[in-house]
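To keep things clear, I will list the structure first and then write my remarks on it.
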Amino acid sequence: MSQIITREQLKSLISELVKADTLVAAPVATEKGTCFFQYVNESARVVLDAGTSVANSIKEFFFPRHEEICRFVRQANDVVVTDAPVFDKRQVIFGVRPCEASSLPVLDPLFAWDYQDRFYQSRRANTTVVSFACTHTDPHCFCSDMGGSPDNASGSDALLFDLGDGSFEVRTFSDKGKALFEGRTSSSDRTGKACEAPAKTLDLDAIRHWIDAHFNDPMWDEETYRCVGCGACTYSCPTCHCFDIVDEGSFAKGKRVKNWDSCQSALFTLHASGHNPRGTQGQRQRQRISHKFSIYPAKFKVFLCTGCGNCTRVCSTSLGVKPMLDKIADKTKQK
Ligand code: SF4
Ligand code: SF4
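Residue numbers (the numbering used here): 4 to 338.
This is the structure we're talking about:
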């Protein structure tokens, strides 16, 4: 038997969670129709099945744009440093696409590698991810190439399937997912189905070999002249995780904070001497593509990309990762 919940019951669940002081994040529509994941305090504005119309990623609920990591105060000839508290609330994220949720197991080993990032880990432990199986794809989706699918359960605590009549089949994959829906569903013999998966078009082994053998290929510059270096592709990406650490305050007291950064920014690798080892946009794109499809998989045995397509959707020059991969795929076929 399957388990079913109605849209109204889901909205009531959101309201109850908010009342119980649980942080709830979900897609909310702007006046122009684009949705953004954000914290909500009422269910009316939530667009549960926003799909590919969501412009930002869920990563900010695990790895915030700006995060305090410690405080410092100067006392006599000493400096007293206090750790910032870790996240100790409970949060639930609704309306997540499977390609967004599957970014979490990709990032987990990074934040538990040479340094145990207790800020990320506490958010992961205290967060329940409720995904919705996709009902449509768009031309930027390529989850199939990256090992995913419109009903991929990786990273989700629960996955909901739209039954087309205002109700959803609920499948749970963790204790957190089971606890969230406990007593809220009814039994049924109906089961849901995701939309058809995007066609596979990429040979990632061939692409990886080409990247490793063509560090100085003119393609990197030729394909990225149109890139304006805004970094939108990295900020909207669920797997990009560059950050900078700065001190805010004065010589007497202040705080040390972690802020999102982007490898697409010209300042990212600029040395104090004025030298920049990645002085062109082509070199910066090469770094992004190499990191995702060669360096990260060599270290963690998984690609640093889920094929969500966010980077191309938000790019004002229609670049992002997939057009770069398509270009490299063409190169691998040339003699
Ligand atoms: S690829 Fe597009 S989104 Fe990314 S930095 Fe360049 S112009 Fe901005
Ligand atoms: S690189 Fe682009 S397609 Fe891949 S996970 Fe990031 S935003 Fe999604």
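Heads up, the beta-carbon is just placed ideally off N, CA and C, and yes, glycines get one too.
Just so it is clear, the structure is predicted and the values come from calculations on it, not from any experiment.
- Classified as exposed, V82 has fewer than 16 neighbouring CB atoms from the shown chains inside 10 Å of its CB.
- Excluding residues up to 5 positions away in sequence, N262, D264 lie with their Cβ nearer than 6 Å to the Cβ of D247 in the same chain.
- In the three-state reduction of the DSSP assignment, C73 falls in the strand class, which pools E and B.
- DSSP, reduced to helix, strand and coil, places G234 outside both helices and strands of the structure shown, so it counts as coil.
- Counting along the chain, the unbroken beta strand (DSSP E) around V83 starts and ends at 81-86.
- At a threshold of 7 Å, L322 counts as near ligand 1, since its beta carbon sits closer than that to one of the ligand's heavy atoms.
- Checking the 7 Å criterion, the Cβ of A235 is within range of a heavy atom belonging to ligand 1.
- Distances from the alpha-carbon of V89 to those of Q78, Q119, F306, N313 put Q119 closest.
- Taking a contact to require three or more Cβ pairs closer than 8 Å, the stretch 129-147 and the stretch 73-82 do not qualify as touching.
- CA-to-CA, the gap between T175 and L162 works out to about 6 Å.
- Secondary structure of S319 (DSSP, three-state): coil.
- Two segments are said to touch when three or more pairs of C-beta atoms, one from each, lie closer than 8 Å; by this definition the stretch 197-212 touches the stretch 320-333.
- Following the DSSP letters along the chain, one finds C38 in no alpha helix (DSSP H) but inside the beta strand (DSSP E) bounded by residues 38-43.
- Taken through DSSP and simplified to helix, strand or coil, A136 comes out as coil.
- Sorting A28, P112, G167 by C-alpha distance to the C-alpha of R10 places G167 at the top.
- A Cβ-Cβ distance of about 12 Å is found for the pair V31 and I17, leaving them out of contact under the 8 Å criterion.
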